[in-house]
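Chains as they are written, first to last, in this note's numbering: chain A, 1 to 123; chain B, 1001 to 1414. For every residue, glycine included, the Cβ atom is placed at its ideal position computed from N, Cα and C.
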Ligand SMILES: Cc1cc2nc3c(=O)[nH]c(=O)nc-3n(C[C@H](O)[C@H](O)[C@H](O)COP(=O)(O)OP(=O)(O)OC[C@H]3O[C@@H](n4cnc5c(N)ncnc54)[C@H](O)[C@@H]3O)c2cc1C
Ligand code: SF4
């Protein structure tokens, strides 16, 4: 059946091991190339449920800057990213915005908060 | 003409200048901070991705968050600063009297200072500087220009993008475009290996972006806006291989072909420049060849990590303090740091042996299982890998440095 080999460079520590994961019918068959268990765990998560921190900018009304930068406060599943980006493109906040201010709680039902990372003062 | 007087003027309000201003103020010096932008923070407010401050703050912040912490310190310490203040000239009246001329919406100013900390960052290479020819059309941006448009103004520069250069900046821009729904058609890299850190190279896999190694963009075509670019393969000597040309259709080209320290105001007054770094020649307090002028951050050498930029800013502030207290930097002899095998650049250039020092260096080519060797002082450091993309930062203790007679060589050997 469909066997696939995924190759990537471990980013957990500067040693940057080249890890290879063999997947058959959606199941992990073999992992090689890692030097420590942390790398192995990371590789498994990369295959089964890859997650990323997402960042973007949101429009600001009446601010000294036209946008505020935001991030998810924790990594979210990669598959949810396009939907979240669409949502972020649609919303708008009112100045002032403080660093660390929560813009959205659990967007799309995700276990994360959208947090402002830049200060925007009232114009 | 307005005249001001300070102990230290810090030119540039990016992380290097912010860290320098805060430290100098903490040393009790009277400080003025100047930046030509509308806000403090340098390029950080537009670097909205995480990856800043892991060493300095022991937590991973975005660029704006990193900058915010320092700007808050500047405000808490009531440090005098001007934004929209463009420095036009430095005059070296005497060793202990410098003049910094700047203009701002409030008018023209001359500041008299005992020492200067120069932290103006870097400028980006443009398309014409990397040999791209063709139609003069809209849609060609440097990475920084595109980043300002997207992440300060919220404007998308284009929909179908080709990125020139696979350094961290190029890769981060590839992700930023892809996240916003643009189609990143290719990242083109001249060298046979990617220029960025592994964690950023992973971005390409995340978004299925093709990376062309040993390729270069040579030509742009379009009527009003970019329509297509011509790409050609290069051999191991980076020469174009005839017959390998192909075209990629796109409406936007992002040039991320490296940064160059911005040293114009320094060369105007005769500061010596190191051709390897593009920045000034400095001693272990980051003082240039003009006494009392200290340099930090990307105007000293191109840094990958903001943490080291801030560290350099703080060291420059310490240098300024010593300079002002002693009426100059005292040193009996300077030990020269020489570049040996596979070392492309190394800073600082001169060591005193009176203080510990961080050496910042880059290799020419990747090597595995190496020893970083300082033969004159019997110091050896084993490293699993060295890569041009990752700056080396090595601590040497003053007792070690003092063992050398007149030079210390830094080399990478197998
Ligand atoms: C796209 C990108 C991504 C990056 N990602 C990371 C990352 O993930 N992690 C990390 O640690 N680092 C990262 N960096 C590197 C980091 O941002 C830089 O090393 C750092 O910003 C350099 O700081 P600086 O203070 O030397 O220069 P800058 O931030 O460039 O600041 C220089 C300042 O000087 C001012 N100036 C210049 N000339 C004058 C003048 N004549 N008069 C008045 N003011 C002047 C400018 O307006 C500017 O504000 C990234 C860089 C880029 C470009
Ligand atoms: S596998 Fe382990 S040793 Fe190798 S890079 Fe990953 S974390 Fe580092």
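Residue range of the alpha helix (DSSP H) that residue i falls in?
{"i": "residue 959 of chain B", "result": "In the structure as shown, chain B starts at 1001 and stops at 1414, and residue 959 of chain B therefore has no counterpart that could be examined."}
{"i": "residue 1200 of chain B", "result": "1198 to 1206"}
{"i": "residue 1367 of chain B", "result": "Run containing residue 1367 of chain B: none in the alpha helix (DSSP H); it sits in the beta strand (DSSP E), 1367 to 1374."}
{"i": "residue 1322 of chain B", "result": "1306 to 1326"}
{"i": "residue 1017 of chain B", "result": "1015 to 1026"}
{"i": "residue 1401 of chain B", "result": "1398 to 1402"}
{"i": "residue 1156 of chain B", "result": "Segment: none, residue 1156 of chain B is in no alpha helix (DSSP H) and carries neither H nor E."}
{"i": "residue 46 of chain A", "result": "37 to 48"}
{"i": "residue 1068 of chain B", "result": "1063 to 1076"}
{"i": "residue 1172 of chain B", "result": "1168 to 1179"}
{"i": "residue 1301 of chain B", "result": "Segment: none, residue 1301 of chain B is in no alpha helix (DSSP H) and carries neither H nor E."}
{"i": "residue 1266 of chain B", "result": "1264 to 1267"}
Give me the DSSP bridge partner(s) of residue i.
{"i": "residue 1103 of chain B", "result": "B:1086 and B:1108"}
{"i": "residue 1294 of chain B", "result": "B:1117 and B:1287"}
{"i": "residue 1210 of chain B", "result": "Beta-bridge pairing links residue 1210 of chain B to no other residue."}
{"i": "residue 1351 of chain B", "result": "B:1335"}
{"i": "residue 116 of chain A", "result": "A:70"}
{"i": "residue 1092 of chain B", "result": "B:1098"}
{"i": "residue 19 of chain A", "result": "A:8"}
{"i": "residue 1163 of chain B", "result": "B:1187 and B:1254"}
{"i": "residue 1215 of chain B", "result": "B:1233"}
{"i": "residue 1081 of chain B", "result": "B:1033"}
{"i": "residue 1282 of chain B", "result": "BP columns for residue 1282 of chain B are empty, so no partner."}
{"i": "residue 1052 of chain B", "result": "B:1061"}
{"i": "residue 1139 of chain B", "result": "None, per the DSSP bridge assignment."}
{"i": "residue 1409 of chain B", "result": "B:1338"}
{"i": "residue 1123 of chain B", "result": "B:1260"}
{"i": "residue 105 of chain A", "result": "A:113"}
{"i": "residue 1243 of chain B", "result": "Answer is none; residue 1243 of chain B lacks a bridge partner."}
{"i": "residue 77 of chain A", "result": "A:51"}
The beta strand (DSSP E) with residue i in it runs from where to where?
{"i": "residue 56 of chain A", "result": "55 to 61"}
{"i": "residue 1252 of chain B", "result": "1252 to 1255"}
{"i": "residue 1002 of chain B", "result": "1002 to 1011"}
{"i": "residue 84 of chain A", "result": "Note, residue 84 of chain A: premise wrong, no beta strand (DSSP E); alpha helix (DSSP H) at 81 to 90."}
{"i": "residue 1380 of chain B", "result": "1379 to 1386"}
{"i": "residue 1259 of chain B", "result": "1259 to 1261"}
{"i": "residue 29 of chain A", "result": "27 to 32"}
{"i": "residue 1039 of chain B", "result": "No beta strand (DSSP E) holds residue 1039 of chain B; DSSP gives it neither H nor E."}
{"i": "residue 1358 of chain B", "result": "1357 to 1363"}
{"i": "residue 1132 of chain B", "result": "Per DSSP, residue 1132 of chain B belongs to no beta strand (DSSP E) and is neither H nor E."}
Once the 5 residues before and after residue i are set aside, which same chain residues still bring their CB inside 7 Å of it?
{"i": "residue 1322 of chain B", "result": "1285 and 1329"}
{"i": "residue 1019 of chain B", "result": "1070, 1310, 1313 and 1314"}
{"i": "residue 1203 of chain B", "result": "1171, 1174 and 1175"}
{"i": "residue 1260 of chain B", "result": "1122, 1123, 1125 and 1278"}
{"i": "residue 1086 of chain B", "result": "1036, 1102 and 1103"}
{"i": "residue 1128 of chain B", "result": "none"}
Quick one: what's got a C-beta closer than 6 Å to residue i's C-beta in the same chain, skipping five residues either side?
{"i": "residue 1005 of chain B", "result": "1112"}
{"i": "residue 1052 of chain B", "result": "1061, 1063, 1066 and 1306"}
{"i": "residue 1356 of chain B", "result": "1397 and 1398"}
{"i": "residue 34 of chain A", "result": "17, 19 and 40"}
Give me, in chain order, the residues of the same chain whose beta-carbon lies closer than 8 Å to that of residue i; leave out the 5 immediate sequence neighbours on both sides.
{"i": "residue 1148 of chain B", "result": "1046"}
{"i": "residue 1012 of chain B", "result": "1034, 1035, 1042, 1118, 1119, 1120, 1121, 1297 and 1299"}
{"i": "residue 85 of chain A", "result": "54 and 56"}
{"i": "residue 48 of chain A", "result": "28"}
{"i": "residue 9 of chain A", "result": "16, 17, 18 and 19"}
{"i": "residue 1003 of chain B", "result": "1109, 1110, 1111 and 1112"}
Taking 6 Å as the line, does the beta carbon of residue i fall inside it for any heavy atom of ligand 3?
{"i": "residue 1052 of chain B", "result": "Absent from the structure shown: ligand 3. Ligands present: ligand 1 and ligand 2."}
Distance cutoff 7 Å, beta carbons only. Does residue i sit that close to anything in chain D?
{"i": "residue 1073 of chain B", "result": "The chain inventory of the structure shown lacks chain D, comprising the protein chains A and B."}
Residues with a Cβ closer than 5 Å to any heavy atom of ligand 2, in chain order? A:10, A:12, A:13, A:15, A:17, A:34, A:35, A:36, A:38 and A:39
So if I threshold CB-CB distances at 7 Å, which residues from the segment 1043 to 1071 of chain B count as touching chain A? 1045, 1048, 1049, 1050, 1062, 1064, 1065 and 1068
Please identify, using Cβ separations under 9 Å, the residues of the segment 1127 to 1152 of chain B that lie next to chain A, in order along the chain. 1150, 1151 and 1152
Contact residues within the segment 71 to 92 of chain A, judged by C-beta distance below 9 Å to chain B: 71, 78, 81, 82, 85, 86 and 89
The segment 49 to 61 of chain A: positions lying closer than 9 Å to chain B by Cβ: 50, 52, 53, 54, 55, 56, 57, 58, 59 and 60
Residues of the segment 1344 to 1374 of chain B with a CB closer than 9 Å to any CB of chain A: list them in chain order, please. none
When Cβ atoms are compared, which residues of the segment 12 to 24 of chain A fall closer than 7 Å to chain B? 15 and 16
With 8 Å as the limit, tell me which residues of the segment 109 to 122 of chain A have their beta carbon closer than that to any beta carbon of chain B; keep them in chain order. 117, 118 and 119
Near-chain A residues of the segment 1018 to 1038 of chain B - C-beta to any C-beta below 9 Å: 1038
What are the residues in the segment 1379 to 1395 of chain B lying within 8 Å of chain A by C-beta distance? 1384, 1385 and 1390
Residues within the segment 1150 to 1177 of chain B neighbouring chain A, beta-carbon criterion of under 8 Å: 1150, 1151, 1152, 1153 and 1154
In chain order, what residues of the segment 1244 to 1260 of chain B put their CB closer than 7 Å to some CB of chain A? none
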